[in-house]
Amino acid sequence: MALPPEGLHSTPFSPRFADRVEKWIDIYGHAVPLFISDPVEEYEAIRTAVAALDYSMLYKWYVEGEDAVATVDAVFSRSVRDLDAGRIAYGVIVDADGMMIDDVTVAVLGPGLVVVTGGNPVSRQSLEAHAPSGTTVTERRDDFAVLALQGPRSRDVLQRLTHIDVSNSAFPYYTFVQDVPVAGITALVSRIGFTAELGYEIEVPRERALDLWDAVLDAGAGLGVKAAGAAALLTCRTEAGMIMGELEYDETVTPFECRMSWALDFDKGPFQGRDALLAKKGTAQGRVVSVVVDATPETAEGARLEMDGRDVGHVTMAVPSPVLAGATLGLARVHRDAVKSGTALTAVASDGSRADATVRPTPVYDPERARARG
C-alpha cells in the first residue's frame with residue numbers, strides 16, 4: 259500500500275480501495291490509483307465485462323442564470339442553443355487566437371443551467387469573461403462523486419440498479435437523464451466514456467459516493483465487474499485515439515492539429531476564436547497520430563520522432579496494447595509530412611537509444627465507435 263501524494267485531493271471512492279493501491283498519480287489535483295489490483299485484469303474487465311472507475315477528477319463548471327446558454331454558446335465550438343433536450347455535446351474551447359484551451363462536454367440541465375465538464379481551469383476564465391451580470395460560473399466538482407461504469411456489461415449492471423429503461427433506443431449514446439434513482443440514490447446518469455466501450459457516468463452527491471460504489475459492485479458481482487484504475491483507462495483511451503490536454507494538445511495547437519476539427523461549427527455564429535480558426539483553416543502543420551514503436555512503453559513515451567533524419571514530432575503517451583498483441587502503442591504529435599499510415603519513423607528516447615516506429619491508422623480500436631454506440 260502507498261499513501262496518496264501529499265497535497266492532492268482524495269477521491270470520493272478511495273476509502274473502498276485505498277488499502278490496496280501501490281501507486282497513485284495526479285490527475286487534475288486528485289490522487290487517482292494507477293491500478294487497484296491487476297492492471298491486466300482491470301483492462302480486460304473494461305473490454306470484455308464491466309469496470310467501475312472513479313471519474314470525479316474533472317472540473318464541473320455550473321453556468322447559471324438567464325443568459326447561461328448564451329454564455330456557454332459564446333465560448334463553446336458547437337451550438338448550445340440548438341442542443342436537444344437530454345443531449346450532450348462534445349467539443350472544444352479555444353482562445354482568441356484559435357489555440358486549444360480544453361476539450362469539454364456541455365449539457366443543458368435547464369433553461370438557466372448549463373454544465374461544462376473539462377480538464378483545464380482556464381476554461382472557467384473564458385466562461386466568466388462572457389458571462390453578463392446575473393450569470394454565474396461556479397466550479398463544483400468537489401460537490402459530487404462520479405463513477406464511470408465501462409464495458410459491454412455496463413448496461414446490465416445499470417439496469418439492475420434503476421427502474422428506467424436503459425436500452426440503446428431509450429438511452430442512446432451522448433445523452434443524459436437527471437434525477438434518476440440509482441440504487442435508491444438520486445443521480446445524473448450520462449451515457450459517455452473514455453474507453454470506446456459501452457459506458458455510463460453516474461453522478462451523485464459526494465456524501466453518497468460509498469453507497470453507490472457498494473451498490474454497483476454488488477449488482478455487478480455476477481457480471482464480472484472489477485474496480486479499475488488509471489492504467490487500464492489510459493490504455494483504453496490510447497487504443498481509442500482519445501486526446502488529453504497537455505499531452506496531445508496545449509496552447510500551441512489548434513483543433514485542426516489534434517483531431518478536433520469536426521467539432522468546429524462555423525455556421526453557429528460567433529464564438530471565442532472563431533475568426534482566428536477560419537483564418538488558420540487549411541494551414542495545420544501537424545496532427546495527432548497513432549504509432550507503433552519497437553521499444554518498451556517506458557522508453558517510447560516522450561521519445562522524439564525522426565523521419566529521414568529530420569525531427570518531426572514526439573510520442574505523447576505509450577502503452578502496451580493488448581489489441582496489438584502487447585506491442586507498444588503510442589499517440590504522437592507529428593508534422594504533417596509524417597501523418598500517413600505506414601510512414602516509417604525513428605523514435606529517439608531520452609537516453610539516446612533508437613527504435614523503429616510506424617504510423618498506424620487512428621484509432622487502432624473500433625474506429626467506428628460501434629461498441630460505444632451499440
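Numbering-wise (this note's numbering), the sequence shown opens with residue 259 and increments by one. Yeah, the Cβ is synthetic: ideal placement off N, Cα and C, and Gly gets one too.
According to DSSP, what are the bridge partners of residue i?
i              : result
tryptophan 471 : None, per the DSSP bridge assignment.
glycine 439    : Per the sequence shown, the amino acid found at residue 439 is proline instead of glycine. Its beta-bridge partners are Thr444.
serine 548     : Leu589 and Arg618
valine 462     : Ala403
serine 579     : Ala585
leucine 563    : Gly571 and Ala605
valine 327     : According to DSSP, which records beta bridges pairwise, valine 327 is partnered with nothing at all.
threonine 433  : Arg345
isoleucine 283 : Val290
glutamate 497  : In the DSSP output, where bridge partners are listed per residue, glutamate 497 has none listed.
glycine 368    : Leu371
As a quick exercise: from the options, pick the residue whose alpha carbon is nearest that of residue i.
i              : options                           : result
alanine 387    : Ala490, Asp331 and Arg399         : Asp331
histidine 267  : Asp476, Asp361 and Ala403         : Ala403
leucine 475    : Pro297, Val321, His288 and Leu311 : Leu311
valine 333     : Arg449, Ala489 and Asp355         : Asp355
valine 573     : Val547, Asn426 and Leu481         : Val547
glutamate 324  : Val372, Ala303, Ala289 and Ile351 : Val372
threonine 433  : Ser519, Gly457, Gln543 and Asp414 : Gly457
glutamine 210  : Ile359, Thr557, Tyr431 and Pro263 : Given that the chain is displayed from residue 259 to residue 632, the structure contains no residue 210 and the question cannot be resolved.
tryptophan 471 : Ala428, Asp277 and Ala485         : Ala485
lysine 539     : Gly265, Phe524, Ile443 and Val551 : Phe524
glutamate 300  : Glu322, Ala561 and Val483         : Val483
threonine 444  : His421, Phe275 and Met565         : His421
proline 578    : Ala490, Arg278, Asp277 and Ala537 : Ala490
glutamate 280  : Thr269, Val511, Leu261 and Arg532 : Leu261
tyrosine 320   : Gly600, Val435, Arg399 and Ala602 : Arg399
valine 597     : Ser425, Asp469, Ala488 and Gly544 : Gly544
valine 364     : Arg562, Leu385 and Asp353         : Leu385
leucine 535    : Ala558, Val511 and Asp552         : Val511
histidine 288  : Gly600, Gly487 and Leu603         : Gly487
serine 391     : Asp423, Ala553, Ala613 and Glu322 : Glu322
alanine 613    : Asp423, Ser519 and Met565         : Met565
threonine 541  : Gly571, Phe514 and Leu603         : Phe514
aspartate 353  : Asp533, Ile304 and Gly571         : Asp533
alanine 473    : Thr557, Phe429 and Gln417         : Gln417
For residue i, does the three-state DSSP call read helix, strand or coil?
i                 : result
valine 424        : coil
phenylalanine 514 : helix
valine 570        : strand
isoleucine 634    : Outside the modelled stretch of the chain, which goes from 259 to 632, sits residue 634, for which no answer is possible.
glutamine 543     : coil
glycine 480       : helix
leucine 505       : coil
threonine 396     : strand
valine 597        : coil
aspartate 312     : strand
valine 380        : helix
phenylalanine 334 : strand
aspartate 199     : For residue 199 there is no data in the structure shown, the boundaries of the chain being 259 and 632.
isoleucine 304    : helix
aspartate 360     : strand
glutamate 455     : coil
arginine 418      : helix
glutamate 322     : strand
With distances taken between CB atoms, is the gap from residue i to residue j smaller than 9 Å?
i                 : j              : result
isoleucine 283    : proline 273    : no
methionine 502    : proline 621    : no
tyrosine 507      : cysteine 494   : no
valine 338        : tyrosine 348   : no
alanine 576       : glycine 588    : yes
serine 448        : isoleucine 346 : yes
serine 381        : tyrosine 317   : yes
valine 298        : glycine 478    : no
alanine 343       : valine 327     : no
leucine 481       : valine 415     : yes
serine 314        : proline 263    : no
leucine 582       : valine 550     : yes
proline 619       : threonine 586  : no
asparagine 426    : arginine 562   : no
arginine 278      : alanine 521    : no
threonine 329     : threonine 393  : yes
leucine 446       : valine 435     : yes
phenylalanine 275 : isoleucine 294 : yes
Determine, for residue i, whether the minimum Cβ-Cβ distance to residues of chain B falls below 9 Å.
i           : result
proline 578 : Absent from the structure: chain B. Only one protein chain is present.
Looking at the ligand HEM, does it come within less than 8 Å of residue i, judged from the CB to the closest heavy atom?
i             : result
threonine 510 : Annotation note on the ligand HEM: not contained in the displayed structure, which lists no ligands.
Q. Three or more C-beta pairs closer than 8 Å, one from the region 440-455 and one from the region 479-498: is that the case here?
A. Between the region 440-455 and the region 479-498 there are three or more C-beta pairs closer than 8 Å, enough to call the two in contact.
Q. Is it true that the region 375-394 meets the region 434-445, where meeting means three or more beta-carbon pairs spaced less than 8 Å apart?
A. With a cut-off of 8 Å, the region 434-445 and the region 375-394 do not count as touching, because too few Cβ pairs lie within range.
Q. Does the region 402-421 touch the region 457-475, meaning 3 or more C-beta pairs lie closer than 8 Å?
A. Taking 8 Å as the limit for Cβ pairs, the verdict is that the region 402-421 does touch the region 457-475.
Q) How about the region 604-619 and the region 519-536: do they share at least three Cβ pairs that are nearer than 8 Å? A) Verdict: no, contact absent.
Q) Contact between the region 581-597 and the region 625-632: three or more CB pairs below 8 Å? A) The region 581-597 makes no contact with the region 625-632; the number of CB pairs closer than 8 Å stays below 3.
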